[in-house]
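A.B. asks:
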Amino acid sequence: MPPPRIASLDFLDPLPASGAGEVRVRVGLDVGRESVFVAASYDRPAAWTAESRGGFHFSQPVLHARRLDEATVRAAASAMAAELGGFWLRYYRSSASAASRVGLATAALDRVEGGCGVVEAVLKDGREFSMLAAAPAWWRAELERRGLPYYFGPQVLFLAALDAAHARAAAKAVAATDEQLFCRYDTPRKTLPEVLDAFVAARGAR
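Mind the numbering: the sequence shown is residues 0 to 205 in numbering that gives the first Met the number 0, read in order.
#1: With DSSP as the reference, identify every bridge partner of residue 116, one or two as the case may be.
#2: If you check the beta carbons only, do residue 25 and residue 35 fall under 7 Å apart?
#3: For residue 115, count neighbouring C-beta atoms within 10 Å of its own C-beta (all shown protein chains included) and say buried if the count is 16 or more, exposed if not.
#4: Nearest CA to the CA of residue 159: which residue from 66, 182, 135?
#5: Counting Cβ pairs closer than 8 Å, one from the segment 75-86 and one from the segment 153-172, do we hit at least three?
#6: Between the segment 96-104 and the segment 78-87, are three or more C-beta pairs nearer than 8 Å?
#7: Any idea which residues DSSP pairs residue 124 with across the strands?
#8: Select from 132, 97, 96 the residue whose C-alpha is nearest the C-alpha of residue 112.
#9: Relative to the C-alpha of residue 194, which residue among 179, 174, 145 is closest?
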């Protein structure tokens, strides 16, 4: 079966003239489905984290772009539609769920490497989740160093400091906000450099 093709792409917010910021994007497919998600420039995670009260940021899936312009976002959306039968557009077609009924049992920061690591969260019913985490400055610098015009894929939990306190506070907030986010962030047996290596290998840097 051929992958779905993009039938329409609309920006629900004005594109910033500077190419930096965030906009909502609606992508319609030729099979009749559509996805609405946020596209954000590489500097936005730092702003989101700085604006948060707890020194962390999480959200529904975000498309990260070096520059917010129509060509870059359209190229990213086309790649999302082409890969794995449109899996990533389905992944990004998300909606908020409910807070966890069982709550967080433990959360620890593991596999710290430079400005990134993995938050290992365990809910009180025993379910375990591995969430990729990064300092916002490291994230931006790493995407730019690799020459990536955009990134989509497993989502990143942004922490102002890579320490146990921020990891637990972020995981506790995820549990209190939307339990389904644990599933969307869950990336077992992977580190962020490994995920980015695979992304670059599949598409090449520009």
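Just so it is clear, CB atoms sit at the ideal spot from N, CA and C, and this is done for glycine as well. Values in this document were obtained by computation on a predicted structure and should not be read as measured data.
C.D. replies: By the coordinates alone:
#1: On the sequence shown, position 117 is the one that residue 116 refers to. According to DSSP, which records beta bridges pairwise, residue 116 is partnered with 132.
#2: Taking the sequence shown and counting its residues from 1, the one referred to as residue 25 is at position 26. Taking the sequence shown and counting its residues from 1, the one referred to as residue 35 is at position 36. For residue 25 and residue 35, yes; Cβs fall inside 7 Å.
#3: Looking up residue 115 in the sequence shown gives position 116. Buried, since its Cβ has 16 or more Cβ neighbours within 10 Å.
#4: As a first step, residue 159 is located in the sequence shown; it is residue number 160 there, counting from the start. Nearest of 66, 182, 135 to residue 159, Cα basis: 135.
#5: The segment 153-172 and the segment 75-86 do not touch, with fewer than three beta-carbon pairs separated by less than 8 Å.
#6: no
#7: By 1-based counting over the sequence shown, the position of residue 124 is 125. Residue 124 pairs with nothing; no bridge assigned.
#8: Position 113 of the sequence shown, counting from 1, holds the residue named residue 112. Selected option, being the one with the closest Cα: 132.
#9: Looking up residue 194 in the sequence shown gives position 195. It is 145.
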